[in-house]
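In what follows, a single structure is set out as structure tokens and then discussed.
Residue numbers (my numbering): 12 to 534.
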């Protein structure tokens with residue numbers, strides 16, 4: 012008698028292929044991280060003004076935002092493996108141009124091309140996880156995919172940081188090296204996907220791309236002032252563009268994203284939770300990094316080492332959450348609810364840190380927060396895969412990247428704006444209490460602000476130590492206020508996500524009942 016072992020469809024998937032897809036997706040995170048580390052040296056080489064340096068820092072992100080849905084559409088029409096070839100080639104070309112750039116113009120062109128390339132890499136590799144995995148194992152596969160891309164980003168950031176010390180041009184060539192390593196593995200290991208013949212909604216692609224770029228650019232200007240036209244002008248234009256996109260999709264014969272999806276509770280929950288966890292991640296990375304460097308005086312490399320266990324927790328919990336919802340699909344709401352509870356608690360725990368405490372005091376909150384992000388991000392990725400219709404699979408799953416960029420931008424800029432709002436007044440107040448005259452207060456604020464932004468020319472003189480201590484205490488106050496506000500925001504996002512999931516479950520039950528009734532009527 013022969014027995015056949017049953018295959019656990021919730022955990023059985025081609026791990027080699029999924030790990031490769033995670034590796035390719037990780038390049039999208041590694042490339043801007045390395046470029047960000049190198050930016051200070053690049054700026055010095057080309058003598059960039061502050062405005063030009065800001066554009067150089069964001070141009071790859073803006074290029075990605077404008078074109079990522081195009082990458083998803085091409086994957087549907089051409090096959091995702093072909094798009095991966097193109098994406099790897101464009102990324103290599105872009106970073107080589109930037110690394111060899113004789114001036115600012117060539118550097119900008121190179122970074123824009125790299126942004127397009129890594130965006131298409133992420134869009135196609137994320138979409139292919141479902142193509143290579145049995146349906147029931149997709150959540151577990153996404154957990155491994157997520158862990159792998161985080162590890163690639165971690166290694167690339169550390170190696171890239173070390174290379175920048177030698178030469179920023181050499182550092183920018185690390186991403187092309189990652190691409191060259193991945194190319195033969197794509198050829199050998201990944202299958203071609205089915206092609207979908209459909210009309211292209213060019214107007215929809217153009218409008219959503221332009222709207223996203225305007226919104227992201229405008230919001231990045233909020234760090235300068237909330238009243239400047241460079242902030243509210245592009246942001247309002249972006250919001251109008253998003254509304255126009257929805258109108259176009261409601262009328263289009265072959266839309267980029269079927270309008271019906273925006274009336275589905277589960278899809279809305281995927282959007283809301285995507286904005287939330289990306290916002291939380293941006294705040295966790297920027298606010299914690301700044302607190303360590305500005306308040307406790309840690310060096311950048313020491314901060315990078317402290318971030319290793321945070322990313323490991325994020326990735327490990329993501330694997331667990333993927334396995335859980337794969338085994339019990341009905342547990343999505345419970346896992347995501349746990350995630351939002353942990354993120355909320357993590358932000359509150361971070362308030363235990365203070366200017367007079369060790370750098371380690373912030374870690375418990377960051378660990379809890381990271382676990383919460385892991386509980387939220389992988390189920391959110393699985394929701395996008397679940398809701399995406401086969402005919403529009405590439406563009407719908409690529410929209411997850413757009414959602415993530417909006418959330419990350421809100422978190423990144425919100426951190427700067429809110430901390431500055433609480434920091435500035437408290438800093439001046441502490442200086443006044445220490446006996447600084449109005450003129451001395453103004454000079455101290457300017458000197459410390461310059462040092463914090465440029466990490467050079469540390470304030471000196473008889474009052475320098477007092478000024479720096481006051482700045483550290485003021486920043487700590489701003490940090491605590493930010494943590495409290497974002498904890499409330501996460502709780503609100505969590506409640507909204509769970510309500511939309513509940514609505515979506517009722518929609519699914521009604522659809523199932525209607526389908527059953529139609530089947531009975533036809534008998």
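Backbone N, C-alpha and C define an ideal beta-carbon position, used for all residues, glycine too.
Legend entry - Spatial distance of residue 309 from residue 247 (CA atoms): Cα-Cα distance, rounded: 39 Å.
Legend entry - Assumed close pair residue 416, residue 72 - CB separation to whole angstroms, cut-off 8 Å: That pair is a contact at about 7 Å.
Legend entry - Neighbour-count burial assignment, residue 526, 16 or more Cβ in a 10 Å radius: Exposed is the call here.
Inset, instruction - Closer than 6 Å by C-beta to residue 358: which residues in its own chain qualify, once you throw out the five before and the five after it? Chain order, please. - result: The answer, listed in chain order, is 494, 497, 498.
Legend entry - Where the alpha helix (DSSP H) containing residue 376 begins and where it ends: Start and end: 374-398.
Legend entry - For residue 313, three-class secondary structure by DSSP: helix
Legend entry - Beta carbon proximity, residue 247 to chain C, threshold 8 Å: The chain inventory of the structure shown lacks chain C, comprising one protein chain alone.
Inset, instruction - Check whether the Cβ atoms of residue 490 and residue 298 lie closer than 8 Å to each other. - result: yes
Legend entry - Contacting residues, own chain, Cβ-Cβ under 6 Å from residue 287 (five flanking each side not counted): 504
Inset, instruction - Return helix, strand or coil for residue 184, following the three-state DSSP convention. - result: coil
Inset, instruction - Take the Cβ of residue 187 as the centre, count every other Cβ of all protein chains shown within 10 Å, and call the residue buried at 16 or more, exposed below. - result: buried
Inset, instruction - Classify residue 213 as buried or exposed, calling it buried when 16 or more other Cβ atoms lie within 10 Å of its own Cβ. - result: By the neighbour-count rule (16 or more Cβ atoms within 10 Å), residue 213 is not buried but exposed.
Inset, instruction - Please list, in chain order, all residues of the same chain as residue 11 whose beta carbon is under 6 Å from its beta carbon, the five residues on each side excluded. - result: No answer is possible for residue 11: it lies beyond the span of the chain, which begins at 12 and ends at 534.
Legend entry - C-beta contact flag for residue 252 and residue 242 at 8 Å: no
Inset, instruction - Could you tell me if residue 371 is buried or exposed, where buried requires 16 or more neighbouring beta carbons within 10 angstroms of its beta carbon? - result: exposed
Inset, instruction - Alpha carbon to alpha carbon, how far is residue 406 from residue 81? Give it in angstroms, no decimals. - result: 7 Å
Legend entry - Beta-carbon separation (whole angstroms), residue 210 vs residue 264, contact threshold 8 Å: 6 Å
Legend entry - Cβ-based burial, residue 42 [other Cβ within 10 Å; buried from 16]: buried
Legend entry - Beta carbon of residue 130 nearer than 8 Å to that of residue 39: yes
Inset, instruction - Give the single residue among 326, 55, 402 whose Cα lies nearest to the Cα of residue 386. - result: 326
Legend entry - Cβ shell of residue 398 (< 8 Å), same chain only, five flanking positions each side left out: The residues are 272, 275, 277, 278, 281, 407.
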